[in-house]
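Chains as they are written, first to last, in the numbering used here: chain A, 179 to 401; chain B, 61 to 326; chain C, -17 to 222. Beta carbons are placed, not taken as given, at the ideal position from N, Cα and C, and that holds for glycine. Written below as structure tokens is the structure these notes are about.
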Amino acid sequence: MIELDGLVRRYGEREALSDVSLSLAAGQTLVVFGPNGAGKTTLLRVLSTLLRPHSGEVTVLDRRLPQDAWAVRGRVGLLGHEPLLYRELSARENLRFHARLHGVGEERVEELLAAVRMRDRAQEPLRALSRGMVQRVAIARAVLHDPELLLLDEPRANLDPAASELVEPLIGAASSRTRVISSHDPGGGLSEADLVLGLRAGRPALLREAGDVDPEEIAELYR
Amino acid sequence: MYGRGLRTLSIATVAVMGIALALVFFYAPLEAEEGFLQKIFYLHVPLAIVTLCGFVLGALLAIQHLRTRDPRWDMRAYVAIHMSLIFAVATLITGSIWARGSWGHWWVWSEPTLVSFLIVFLLYATYQPLRFAIEDPERQARYASVFAIVAGAFVPLNFLAVRLSTEYLHPRVLGSSSNLPAKMQLTFLVSLLAIALLYGTLCKYELTAKHTRAQLRALRRRLAGDGAGSRTPQGRSAEPRLTLSPAAGPYASPATGASAPRGAGA
Amino acid sequence: MSAKTKTISGKEGQVGTTQAIRALLRKELLVELRTLESVPGMSLFAVTTFVVFHFALNQNSVSGDEAAGILWVTLLFAAMLGVNRLFVADEDQGGFDAFLLAPVDRSAMLLAKALALLAYLLVLELVAVPAFGLLLLGPSLGQALPELLVVLVLADLGVAVIGTLVAALAVRTRARDLLGPLLALPLLVPVVIAGARATSPLLGLTHAEHPPARWLLTLGLYDLVFGLIAYAVFDFLLED
Chain A
179 MIELDGLVRR YGEREALSDV SLSLAAGQTL VVFGPNGAGK TTLLRVLSTL
229 LRPHSGEVTV LDRRLPQDAW AVRGRVGLLG HEPLLYRELS ARENLRFHAR
279 LHGVGEERVE ELLAAVRMRD RAQEPLRALS RGMVQRVAIA RAVLHDPELL
329 LLDEPRANLD PAASELVEPL IGAASSRTRV ISSHDPGGGL SEADLVLGLR
379 AGRPALLREA GDVDPEEIAE LYR
Chain B
61 MYGRGLRTLS IATVAVMGIA LALVFFYAPL EAEEGFLQKI FYLHVPLAIV
111 TLCGFVLGAL LAIQHLRTRD PRWDMRAYVA IHMSLIFAVA TLITGSIWAR
161 GSWGHWWVWS EPTLVSFLIV FLLYATYQPL RFAIEDPERQ ARYASVFAIV
211 AGAFVPLNFL AVRLSTEYLH PRVLGSSSNL PAKMQLTFLV SLLAIALLYG
261 TLCKYELTAK HTRAQLRALR RRLAGDGAGS RTPQGRSAEP RLTLSPAAGP
311 YASPATGASA PRGAGA
Chain C
-17 MSAKTKTISG KEGQVGTTQA IRALLRKELL VELRTLESVP GMSLFAVTTF
33 VVFHFALNQN SVSGDEAAGI LWVTLLFAAM LGVNRLFVAD EDQGGFDAFL
83 LAPVDRSAML LAKALALLAY LLVLELVAVP AFGLLLLGPS LGQALPELLV
133 VLVLADLGVA VIGTLVAALA VRTRARDLLG PLLALPLLVP VVIAGARATS
183 PLLGLTHAEH PPARWLLTLG LYDLVFGLIA YAVFDFLLED
């Protein structure tokens, strides 16, 4: 599903990601830990095809990046820090726009609006909604096109426990999709993971099966 | 690698410039109408031609950069455009002096070359502010290349439009260069060669200097140890900064330069 | 799971470019209708500028070269307002990323945005040209109108293409409001030259004459060349 071998992504003379290698099978979950600036978001963006790898080999969904990025695009769902939605448009209008860009039918939009319990407020412009609600719509956007690979950047931020439960079937372990999650929460993160990657200043400080990892080691990353 | 041949080129440039000066002052006849001032023609027109070619060259180098993603092409495009901009200022100044001498005004709207130059200058003057306004070096290079290509295509179109719209005070000098007497033609050609060589030499100097600085930075990085992340925060810069792998020695061939994977020969 | 409808596409799972352009244009016009950020501002600016010109020139009516000049300068500067706002919503609200993640040809954004800008320019002219005829223009517009429209549309195409290109370039830089016009104005000088020279005979004091064909050809050539170049380089502005 995902094969990384010596991935490097630079920012000028600095290496935002340095020699990252890992292998993730279909259906598995990779959780990435690390302090701010460690490269977690960069890694997710490279996997989503938004950023080109500068060197190393990157294979996502059996396709090499950046050459075959076009073939990967419609099959990956990204949930980043930004909701990627227009504030002046309503939830329904936003989702319909994304649906059209991905060649997805409108019934799917209604289906997801119901799944995140936003149907009754689907007409209002997003700027009138709370952050938690916007996050729910963003999650709907991320899974709208039924992607094979989910890339989630701190997905539970801004969600209250009820909403968190609500979106479980969409982006949680039960969704049975391949997932890469960036997380700040050692406890919760570990419980979901099959594979754990710890990043520090762009370099992999820790890469192991979740079962072999001690929460102490993760806390170490932040010191 | 850039430094090779620099001395030969410099000597050739000085030599040809010397010959050109000699021809201009002692060989070319005095022009009937304008007298001595007309000799500025041998400076102004070659400057104009070389500048325009420089801008078009910049566009071609930029195309190469976008095709290969090799930052060295962006470096070359930057130097070509930057040097052409300086030559453009020189063109405008010499053109203005000539206008003052011939037609009594420091600026004339009726000379299409001068007018087109002003517009082209105004456009390319935004090249460096554009670069400076983008912090991410890779994006800076890419956007600069896009600009260079659009601007390069603009140059001929602009000349066409201005030419069509201008009424002429005098018969065009550039157009009439084929009617020049043989002595003037020879002087003109040699002057053109001299300015072209000057352009080439100055560009080569600048490229060599930048490359050397990049190598110096690479060696410093290596000395400081391969720590993770960056230690010295880079200031914002409009100049493209090459990142070389520490393995590239002063005489290394370009193939092991900028895009070499880490650890190669380290 | 639900049915996915994929429209005509070349490569696997790709969404057709026409469909993408339609979706983008729809979103674009919807956002503009909600926020009214561009078109009213541009139109108001144009009318106000005509008033300023009246006082600055101290003339009650203009014709010929003068009229053409005032009209084109005003339209151009009003267009700059639209250009400045073209990609702001996308840049600030993550619209670029959303588009870049979709399986569509990147040039769809160029075409959609250029069409949107063209639409804004046409609405601008719908307001500005009659206002000009009312406030400043000496001779009446009636006879000259059809040919004037042709010149305006040809010029608008050029402004739309260059405007979109420059807007995309400028929006992700630090001095975005400044760089846009600074880049666009020199690039649009040939459009001003051709547009003004073509319009001037139409606004002649005694009678309207036909615009010389060479200016229409220049505009056409400009549109073609920059249209092609924009199409070729636009992708490089979007990707990272």
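Do the CB positions of Leu167/C and Phe32/C come within less than 8 Å of each other? no
Going straight from the alpha carbon of Ala204/B to that of Val207/C, what length do you get? 20 Å
Report the residue from Asp338/A, Val210/A, Pro347/A whose alpha carbon sits nearest the alpha carbon of Leu225/A. Val210/A
For Gly205/A and Phe78/C, the rounded distance between their alpha carbons: 29 Å
Those runs of the alpha helix (DSSP H) which lie wholly inside the region 196 to 282 of chain B and span at least 4 residues: 197 to 225
Quick one: any contact between the region 108 to 118 of chain B and the region 83 to 100 of chain B, if contact means 3 or more CB pairs under 8 Å? no
What first and last residue would you give for the alpha helix (DSSP H) that runs through Val139/B? 131 to 163
Which full runs of the alpha helix (DSSP H) of 4+ residues lie inside the region 221 to 271 of chain A, going along the chain? 247 to 250
To the nearest angstrom, report how far apart Leu185/A and Pro131/B are at their CA atoms. 19 Å
Would you say Arg251/A and Leu83/C are within 8 Å of each other, going by their C-beta atoms? yes
With a threshold of 16 other CB atoms inside 10 Å of the CB of Ser369/A, please say whether the residue is buried or exposed. exposed
One question on the structure: do Ile211/C and Val210/B come within less than 8 Å of each other, judged by their Cβ atoms? yes
So that I know if they touch, is there some Cβ in chain C lying closer than 8 Å to that of Ala397/A? no
Listing by chain order, which chain C residues have their CB less than 8 Å from the CB of Leu183/B? Leu165, Pro168, Leu169
Use the C-beta contact count for Ile52/C: other C-beta atoms within 10 angstroms, 16 or more gives buried, fewer gives exposed. buried
Could you give the first and the last residue of the continuous beta strand (DSSP E) run that contains Ile194/B? It is not in any beta strand (DSSP E) - Ile194/B carries neither H nor E in the DSSP assignment.
Among Leu279/A, Arg334/A, Asp298/A, Tyr400/A, nearest to Glu288/A - alpha-carbon criterion: Asp298/A
Can you have a look at Leu37/C and say buried or exposed, based on whether 16 or more other CB atoms are within 10 angstroms of its CB? Note on residue identity: the sequence assigns Phe, not Leu, to residue 37/C. With fewer than 16 Cβ atoms within 10 Å of its Cβ, Phe37/C is classed as exposed.
Check whether chain A comes within 8 Å of Pro197/B, counting only Cβ atoms and requiring the distance to be less than that. yes
Can you give the Cα-Cα distance for Val173/C and Ala137/C, rounded to whole angstroms? 6 Å
Beta-carbon separation of Thr46/B and Leu107/B under 8 Å? Nothing about residue 46/B can be read from this structure; chain B reaches only from 61 to 326.
Measure from the alpha carbon of Ala278/B to the alpha carbon of each residue in Gly190/A, Met179/A, Pro333/A, Ile180/A, then state which is nearest. Gly190/A
At least three beta-carbon pairs within less than 8 Å, the region 268 to 288 of chain A to the region 2 to 12 of chain C: yes
Is the shortest distance between the beta-carbon of Pro85/C and the beta-carbons of chain B less than 8 Å? no
Going by C-alpha distance, which of Leu307/A, Arg357/A, Arg334/A is nearest Glu326/A? Arg357/A
Quick one: which residues of the region -8 to 11 of chain C get their C-beta closer than 9 Å to a C-beta of chain A? List them in chain order. Lys(-7), Glu(-6), Gly(-5), Gln(-4), Val(-3), Gly(-2), Gln1, Ala2, Arg4, Ala5, Leu6, Arg8, Lys9
At least one CB of chain B closer than 8 Å to the CB of Gly190/A: is that the case? yes
How many Å lie between Gly212/A and Ala140/B at the Cα? 43 Å
Mind pulling the chain A residues with CB within less than 8 Å of Thr155/C? Per Cβ cutoff of 8 Å: no residues; Thr155/C is ~16 Å from chain A at best.
Taking Ile179/B as the query, report the chain C residues whose CB atoms sit under 8 Å from its CB, ordered along the chain. Pro168, Val171
What did DSSP end up calling Ala284/B once you bin it into helix, strand or coil? coil
Leu83/C, DSSP secondary structure in three states: coil
In or out: Asn66/C buried (at least 16 other Cβ within 10 Å) or exposed? buried
Strand pairing of Asp331/A, partner residues [DSSP]: Ser360/A
On a CA-only basis, which of Phe147/B, Ser225/B, His125/B is nearest His104/B? Give me that one, please. Phe147/B
Note down, in chain order, all residues in the region 56 to 83 of chain C with a beta-carbon under 8 Å from any beta-carbon belonging to chain A. Ala71, Gln75, Gly76, Gly77, Asp79, Ala80, Phe81, Leu82, Leu83
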